[in-house]
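Participant: Let me give you the structure first, and then I'll get to my questions.
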Amino acid sequence: MGGTNQKEAYAVDLNDILPKLEDIIKSEKLSSKLKISKDEYWERVGYGATHLKEQLGYNDEAYFVIDYGHPAYDYWFAYYLTISASYKIPLILNRHFQNSGFSIDFLGRLEFFVLKIIDYNVFHDVSDHLKQIVTWLDENNTRLENNSSTYSQTIHNNHVHITEANYHQEVHNYWNGTNNDKNVTETNKDSSESLEPRKVRTFVKYPFNEYLFEAIKLFCEDGSLSNLKNLLDKNNSNSRIVFVRSFKKKDFTKCLHHFIVKGWLGFGKGELASWIADNFSLRKSDETLDNFKKSSCNKWLHESSDESKDSQIKYQNWGKEE
5 MGGTNQKEAY AVDLNDILPK LEDIIKSEKL SSKLKISKDE YWERVGYGAT
55 HLKEQLGYND EAYFVIDYGH PAYDYWFAYY LTISASYKIP LILNRHFQNS
105 GFSIDFLGRL EFFVLKIIDY NVFHDVSDHL KQIVTWLDEN NTRLENNSST
155 YSQTIHNNHV HITEANYHQE VHNYWNGTNN DKNVTETNKD SSESLEPRKV
205 RTFVKYPFNE YLFEAIKLFC EDGSLSNLKN LLDKNNSNSR IVFVRSFKKK
255 DFTKCLHHFI VKGWLGFGKG ELASWIADNF SLRKSDETLD NFKKSSCNKW
305 LHESSDESKD SQIKYQNWGK EE
């Protein structure tokens, strides 16, 4: 992770991505959806890369690699896919899927986060790239869901692991965001404590979408509950989510900040502020709506993401093993 003098094939390497992306931005015709100049667009991309290098440490190594699992991975993986030759995309996705431990988490992040990042942040022609990504997703989702002899998923003692015919691979721990537990073994499959197999791919990472829904539904108007569930699961809502006026906007924003720090929600702070402002409101005493404001959310997102003592949402221990 970060500056290195060696890398694997198809790694997300900023030193490879940036010059190719700069050339595309400055030489190709970009979509009319881009409302700023090419120079400003490139300046913003470059600023994000510089900030990340400062965070992770860079001393002019040959490569700067972003690993799967880092919060910035989805963003730069989206750019990497769209600056690569479209015919290489199945090879790239196969390698990254393998590096994730063949985790359904990778499929969900690709579908719900990476494709959305491409839609919002990439303005050169990527129609062939999108076709390749969607085709690969369809094929692998179908394989995962229908071929039980090839893939099986078991949740046991708060661990998710996937098995295939000739190997056993420990993969991401869905409950605490790590994949380094060495105690998950093949013998766990036979435990009487195992749950029924289930396939989970959600917008807010499972099971934290469920935790959040249960925590805030008491503050949500009845008419907004189904929209809230759809928004957390699929990033899809027919109307604004309306909370009662006693709900604290700052507590909610800080909780979602905690989610992006943990990697449970694939947004940067600016994107998250816009998402909150676009989707959530409070019901005022005169029955009108008080929408969340992007500027206020941005301010709170630059404060600590830790739960306050009087927070209405008790999220600090979510994901910690019992």
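Just so you know, we're using my numbering here: the sequence shown kicks off at 5 and counts up by one.
Virtual Cβ for every residue (Gly too), placed ideally from N, Cα, C.
Could you give the residue range of the beta strand (DSSP E) that holds F247?
Facilitator: By one-based count along the sequence shown, residue 247 stands at place 243. Looking at the DSSP string, the run of the beta strand (DSSP E) that includes F247 is 245-247.
Participant: Between W279, H261, H128, E225, which has its C-alpha nearest K37's C-alpha?
Facilitator: Counting from one through the sequence shown, the residue named residue 37 turns up at place 33. Per the Cα distances, H128.
Participant: Following the continuous beta strand (DSSP E) through V69, name the residue where it begins and the one where it ends.
Facilitator: By one-based count along the sequence shown, residue 69 stands at place 65. Where V69 is concerned, the enclosing beta strand (DSSP E) stretches over 67-69.
Participant: Scan the region 255-308 and note each continuous beta strand (DSSP E) run of 3 residues or more that stays entirely inside, going in chain order.
Facilitator: Those beta strand (DSSP E) runs which fall completely within the region 255-308 and span 3+ residues are 284-287, 293-295.
Participant: Assign D142 to one of three DSSP states: helix, strand, or coil.
Facilitator: Residue 142 sits at position 138 when you count from the first residue of the sequence shown. Here D142 sits in helix by DSSP.
Participant: Apart from the five residues just before and just after W322, which ones in its own chain have a Cβ nearer than 7 Å to its Cβ?
Facilitator: Counting from 1 along the sequence shown, the entry for residue 322 is found at position 318. F212, Y215, listed in sequence order.
Participant: Does G50 come out as helix, strand or coil in the three-state DSSP assignment?
Facilitator: By 1-based counting over the sequence shown, the position of residue 50 is 46. Correct three-state label for G50: helix.
Participant: Helix or strand or just coil, what does DSSP make of D17?
Facilitator: Position 13 of the sequence shown holds residue 17. In this structure, D17 counts as strand in the three-state DSSP scheme.
Participant: Leaving out five residues on either side along the sequence, give the residues of the same chain with a beta carbon under 8 Å from the beta carbon of L236.
Facilitator: Against the sequence shown, residue 236 aligns to sequence position 232. So the qualifying residues of the chain are T206, F207, V208, N213, L216, F217.
Participant: Please report how far the alpha carbon of L97 lies from the alpha carbon of S131, in whole angstroms.
Facilitator: The count along the sequence shown starts at 1 and reaches residue 97 at position 93. The count along the sequence shown starts at 1 and reaches residue 131 at position 127. L97 and S131: Cα-Cα distance of roughly 17 Å.
Participant: If you measure between the beta carbons of K298 and S278, is that distance less than 8 Å?
Facilitator: Working through the sequence shown from its first residue, we reach residue 298 at position 294. Working through the sequence shown from its first residue, we reach residue 278 at position 274. Cβ distance < 8 Å, so K298 and S278 count as in contact.
Participant: In this structure, how does DSSP classify S312 when only helix, strand and coil are distinguished?
Facilitator: Your numbering for residue 312 matches position 308 in the sequence shown. DSSP places S312 in coil when its eight states are reduced to three.
Participant: In the DSSP assignment, find the alpha helix (DSSP H) that holds G112 and state where it starts and stops.
Facilitator: In the sequence shown, counting from the first residue as 1, residue 112 sits at position 108. 108-113 is the extent of the alpha helix (DSSP H) around G112.
Participant: For Q59, count the other beta carbons within 10 Å of its own beta carbon; 16 or more makes it buried, fewer makes it exposed. Which is it?
Facilitator: The residue given as residue 59 occupies position 55 in the sequence shown. Flag for Q59 reads exposed.
Participant: With a threshold of 6 Å on Cβ separation, who are the neighbours of N9 within its own chain once the five nearest residues in sequence on each side are excluded?
Facilitator: For this step, residue 9 is matched to residue 5 along the sequence shown. Only E65, A66 meet the Cβ criterion.
Participant: By Cβ distance, which residues of its chain are closer than 7 Å to N231, with the 5 residues on each side in sequence left out?
Facilitator: In the sequence shown, counting from the first residue as 1, residue 231 sits at position 227. Here the set comprises S241, N242, S243, I245.
Participant: Given a cut-off of 8 Å, decide if V16 and Y84 are closer than it, judged by their beta-carbon atoms.
Facilitator: Numbered from its first residue, the sequence shown carries residue 84 at position 80. Numbered from its first residue, the sequence shown carries residue 16 at position 12. For Y84 and V16, yes; Cβs fall inside 8 Å.
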